[in-house]
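One structure below.
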Amino acid sequence: MNEQPKHSPDSTPPNQDGAAAQRRAAGVNPLKPSERMKIPRQHAVEQTARDRVRNFTEVSLGMTEELALREAERCLECRNPVCMEGCPVSVNILDFIRLILKKDYVGAVNKIRETNYLPSICGRVCPQESQCEAVCTMGKKHQPVSIGKLERFVADFEREAGLFIPPELPERRPETVAVVGSGPAGLTCAAELARKGYGVTVFDALHAAGGVLRYGIPEFRLPRDILDMETERIRALGVTIQTNFVVGRTATIDELFDEWGFRAVFLGTGAGTPNFLGIPGESLSGVYSANEFLTRVNLMKAYRFPAHDTPIRIGKQVAVIGGGNTAMDAVRTARRLGAEKAYLVYRRSRTEIPAREEEIEHASEEGIEFVLLTNPVEILGDGRGWVKGLKCQRMTLGAPDASGRRRPIPVEGSDMTLEVQTVIEAIGQKPNPIIQSTTPGLSTSDRGTVVVDEFQTTSREGVFAGGDLARGGATVILAMRDGKLAAESIHRYLNRNGAAPADRGNGQAAMTEPETAVNA
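For the sequence shown, the positions run 1 to 520 when the working numbering is used.
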């Protein structure tokens with residue numbers, strides 16, 4: 001593995017005079033704003049593309065202390081820190097960067113943890129470039145402060161130094177809460193409730209906790225030891241995590257209330273049922289949904305077959321259909337599994353690709369071929385039931401559609417065929433209907449999502465929901481925001497209605513359907 005920095009730090013050393021050192025020790029930036037603006041954005045150390053396409057080890061190795069301190073010095077310490085407004089969970093970014101300047105890295109990560117209990121995860125997969133960094137004042141004329149990389153640095157420092165100490169918890173309350181699903185929404189809700197003194201049990205259908213963080217995101221973006229560590233820190237709050245438990249089958253929502261004695265339930269089961277294009281040839285061998293493909297690799301470790309039981313077969317040429325982060329994960333995974341040609345087929349242009357810019361750049365460096373303004377119309381078979389090609393039609397862009405992006409329009413007579421042996425469809429997911437179908441009175445949308453109001457309250461008394469189950473597909477940080485908000489709503493609900501809900505039929509809360517993130 002090549003662990004040399006992809007980008008070298010700025011060669012100008014920080015000001016080391018006595019006054020500057022004292023100011024830095026007090027958490028005050030010793031540099032004038034004009035001096036800070038001259039410092040280029042610092043970049044994390046990364047594996048080279050040549051090395052990383054041969055392994056599933058994390059691509060980014062994080063910032064060194066020197067890089068992190070230099071990047072922290074770029075912060076303008078705005079009187080109105082708009083970066084905090086851009087963060088869905090309202091991390092106190094200004095204060096945690098000041099603590100980095102003091103070299104109080106544990107204090108910095110604990111400052112983050114006041115509002116975000118999963119800093120190691122968010123520092124790796126949160127799309128900061130479209131949130132906190134998108135509104136960073138430095139970014140108006142220069143590159144924004146690398147807030148996400150600084151978050152990861154302090155979280156990794158604490159972990160590597162073994163300095164984590166579980167927070168002191170209030171006296172345990174008598175009410176207990178069930179959290180269904182151990183993805184980012186569920187884990188966040190559980191952590192927030194535990195820190196308020198509630199007994200919390202998290203139920204998950206799979207054999208390991210983490211939800212989409214475990215089955216959907218590859219190890220080269222989110223190592224499993226990081227996820228396991230964050231999960232154990234949730235347990236350290238007194239949270240019980242029960243796996244291999246399918247709510248709606250093992251026990252219904254009504255049974256969680258009536259037989260298990262829970263006073264409130266949060267639903268965060270995500271959106272794990274894949275969408276398909278509905279084109280000819282989808283029944284051929286060699287066609288996967290991105291959900292199945294990534295689950296086989298990430299959760300069941302197919303990339304280590306035969307050391308692990310689950311195999312996965314891909315051809316020398318692979319086409320992944322879609323443009324979101326899931327599509328990018330799938331095509332980069334296929335490359336690591338040995339695909340000589342890995343195509344990303346997307347019906348819009350490079351500008352409209354919704355995946356993170358960092359992931360797009362990494363994919364390009366790894367040799368992924370972007371086949372843009374191209375729409376699949378048929379999967380071709382070889383006569384023996386296996387994929388041999390993907391027939392496509394070229395597109396041009398017209399006026400914006402409901403998503404705000406320009407609508408793709410077919411170009412007549414532009415058919416072309418990609419020679420591939422594997423096709424992976426990554427065009428979005430929808431919720432599994434088990435809970436909805438076994439919970440009378442739970443309002444759902446025509447897309448199968450659970451309908452919630454602005455407080456994550458559902459139509460069932462004492463039942464709350466969030467994340468992809470309510471949104472239909474979004475980011476990890478937005479799911480965490482929902483879990484955090486739901487915990488506050490549950491807290492208010494239980495303070496008002498500590499006893500078991502009297503009527504769990506049809507609640508009267510005003511329901512709204514949240515906007516769905518568009519990934520296709």
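Ideal Cβ positions, reconstructed from N, Cα and C, are used throughout, including at glycine.
For residue 205, three-class secondary structure by DSSP: Position 205 of the sequence shown holds residue 205. Note: residue 205 maps to coil in three-state DSSP.
Quick one: grab the DSSP three-state call for residue 378. To locate residue 378, count along the sequence shown from 1; it is residue 378. Strand, per DSSP.
Any chain D beta carbon closer than 9 Å to residue 289: Reference to chain D is not applicable here, since this structure consists of a single protein chain.
Which residues DSSP lists as bridging residue 425, in chain order: Along the sequence shown, one-based indexing puts residue 425 at 425. Bridge partners of residue 425: 289, 321.
May I ask you to report which of helix, strand or coil DSSP gives residue 415? Looking up residue 415 in the sequence shown gives position 415. Correct three-state label for residue 415: strand.
Beta carbon of residue 284: closer than 8 Å to some heavy atom of the ligand ADP? Among the components of this structure there are no ligands whatsoever, and the ligand ADP is therefore not found.
Taking a contact to mean a Cβ-Cβ separation below 9 Å, would you say residue 150 touches residue 123 in this structure? In the sequence shown, residue 150 corresponds to position 150, counting from 1. In the sequence shown, residue 123 corresponds to position 123, counting from 1. Taking 9 Å as the Cβ cut-off, residue 150 and residue 123 qualify as a contacting pair.
Give the DSSP bridge partners of residue 465, in chain order. The count along the sequence shown starts at 1 and reaches residue 465 at position 465. 267.
Ends of the beta strand (DSSP E) at residue 345? For the purposes of this step, residue 345 is taken as the residue at position 345 of the sequence shown. 341-345 is the extent of the beta strand (DSSP E) around residue 345.
Measuring straight from C-alpha to C-alpha, what distance separates residue 253 and residue 337? Taking the sequence shown and counting its residues from 1, the one referred to as residue 253 is at position 253. Taking the sequence shown and counting its residues from 1, the one referred to as residue 337 is at position 337. For residue 253 and residue 337, the distance between alpha carbons rounds to 41 Å.
Near residue 499, what residues of its chain come up, given a Cβ to Cβ distance below 6 Å and the 5 sequence neighbours on each side ignored? Against the sequence shown, residue 499 aligns to sequence position 499. Because the pLDDT of residue 499 is 46, which lies under 50, any placement of that residue in the model is unreliable, and the question is left without a value.
Around the C-beta of residue 416, are 16 or more other C-beta atoms found within 10 angstroms, so that it is buried, or is it exposed? Within the sequence shown, residue 416 is the residue found at index 416, counting from 1. Residue 416 is exposed by the Cβ-count criterion.
Span of the beta strand (DSSP E) around residue 392: Taking the first residue of the sequence shown as position 1, residue 392 is located at position 392. It spans 387-400 - the beta strand (DSSP E) in which residue 392 sits, taken as one unbroken run.
Secondary structure at residue 369, three-state DSSP: helix, strand or coil? One-based indexing of the sequence shown puts residue 369 at position 369. Of the three classes helix, strand and coil, the one that applies to residue 369 here is strand, per DSSP.
Neighbour-count burial assignment, residue 28, 16 or more Cβ in a 10 Å radius: As a working note, residue 28 is residue 28 in the sequence shown. With fewer than 16 Cβ atoms within 10 Å of its Cβ, residue 28 is classed as exposed.
Per DSSP, what are the beta-bridge partners of residue 46 in this structure? Stepping through the sequence shown from its first residue, residue 46 is reached at position 46. Assignment of beta-bridge partners to residue 46 by DSSP yields 60.
Using a threshold of 9 Å, state whether the C-beta atoms of residue 348 and residue 372 are closer than that. Residue 348 sits at position 348 when you count from the first residue of the sequence shown. Residue 372 sits at position 372 when you count from the first residue of the sequence shown. Against a cut-off of 9 Å, the Cβ pair of residue 372 and residue 348 comes out as a contact.
Where residue 80 falls, given that 16 or more other Cβ within 10 Å makes a residue buried: Taking the sequence shown and counting its residues from 1, the one referred to as residue 80 is at position 80. By the neighbour-count rule (16 or more Cβ atoms within 10 Å), residue 80 is not buried but exposed.
Limits of the alpha helix (DSSP H) - the one that residue 253 falls within: As a first step, residue 253 must be located in the sequence shown, where it is residue number 253. Start and end: 253-258.
Would you decide whether residue 594 is buried or exposed? Buried here means 16 or more other CB atoms lie within 10 Å of its CB. Any property of residue 594 remains undetermined from this structure, which presents the chain solely from 1 to 520.
To the nearest angstrom, how far is the alpha carbon of residue 275 from that of residue 104? Locating residue 275 in the sequence shown gives position 275, where the first residue counts as 1. Locating residue 104 in the sequence shown gives position 104, where the first residue counts as 1. Each residue's alpha carbon lies about 46 Å from the other.
Just to confirm, is the Cβ distance from residue 117 to residue 188 under 9 Å? By 1-based counting over the sequence shown, the position of residue 117 is 117. By 1-based counting over the sequence shown, the position of residue 188 is 188. Closer than 9 Å, so yes.
Identity of the residue in 137, 438, 163, 355 nearest residue 110 by Cα: Here residue 110 corresponds to residue number 110 of the sequence shown, with the count starting at 1. The candidate whose alpha carbon is nearest that of residue 110 is 163.
Taking the beta strand (DSSP E) that residue 178 falls in, what are its first and last residues? Walking along the sequence shown from the start, residue 178 turns up at place 178. Residue 178 -> beta strand (DSSP E) spans 176-180.
Just to confirm the assignment, what range does the beta strand (DSSP E) spanning residue 241 have? Walking along the sequence shown from the start, residue 241 turns up at place 241. Segment 240-242, the beta strand (DSSP E) holding residue 241.
Relative to the C-alpha of residue 447, which candidate in 155, 327, 221, 271 has its C-alpha closest? Walking along the sequence shown from the start, residue 447 turns up at place 447. Comparing Cα-Cα distances from residue 447 to each of 155, 327, 221, 271, the minimum goes to 271.
With 16 as the cutoff for other CB atoms within 10 Å, does residue 421 come out buried or exposed? Position 421 of the sequence shown, counting from 1, holds the residue named residue 421. Buried is the call here.
Option in 267, 166, 70 with minimal Cα separation from residue 522: Since the first and last residues shown for the chain are 1 and 520, residue 522 lies out of range.
Check whether the Cβ atoms of residue 175 and residue 211 lie closer than 9 Å to each other. Here the question's residue 175 lines up with position 175 in the sequence shown. Here the question's residue 211 lines up with position 211 in the sequence shown. No, Cβ-Cβ distance for residue 175 and residue 211 is not below 9 Å.
Of the residues 286, 436, 237, 387, which one's Cα is nearest the Cα of residue 267? On the sequence shown, residue 267 is found 267 positions in, with the first residue counted as 1. Out of 286, 436, 237, 387, 436 has the C-alpha closest to the C-alpha of residue 267.
Would you call residue 193 buried or exposed, if buried means 16 or more other Cβ atoms sit within 10 Å of its Cβ? In the sequence shown, the residue the question calls residue 193 occupies position 193. Flag for residue 193 reads buried.
Which residues DSSP lists as bridging residue 408, in chain order: For this step, residue 408 is matched to residue 408 along the sequence shown. BP columns for residue 408 point to 397.
Counting along the chain, where does the alpha helix (DSSP H) carrying residue 143 start and finish? To locate residue 143, count along the sequence shown from 1; it is residue 143. Segment: none, residue 143 is in no alpha helix (DSSP H) and carries neither H nor E.
Under the three-state reduction of DSSP, which class applies to residue 281: helix, strand or coil? The sequence position of residue 281 within the sequence shown is 281, counting from 1. Residue 281: coil per DSSP, three-state reduction.
Rounded to a whole number of angstroms, what is the C-alpha to C-alpha distance between residue 305 and residue 398? Counting from one through the sequence shown, the residue named residue 305 turns up at place 305. Counting from one through the sequence shown, the residue named residue 398 turns up at place 398. So the alpha carbons of these two residues sit roughly 46 Å apart.
Might you give, ordered along the chain, the residues of its own chain that have their beta carbon closer than 7 Å to the beta carbon of residue 1, omitting 5 neighbours on each side? In the sequence shown, counting from the first residue as 1, residue 1 sits at position 1. For residue 1, the predicted model reports a pLDDT of 39, less than 50, meaning its position is unreliable and no value from the coordinates is stated.
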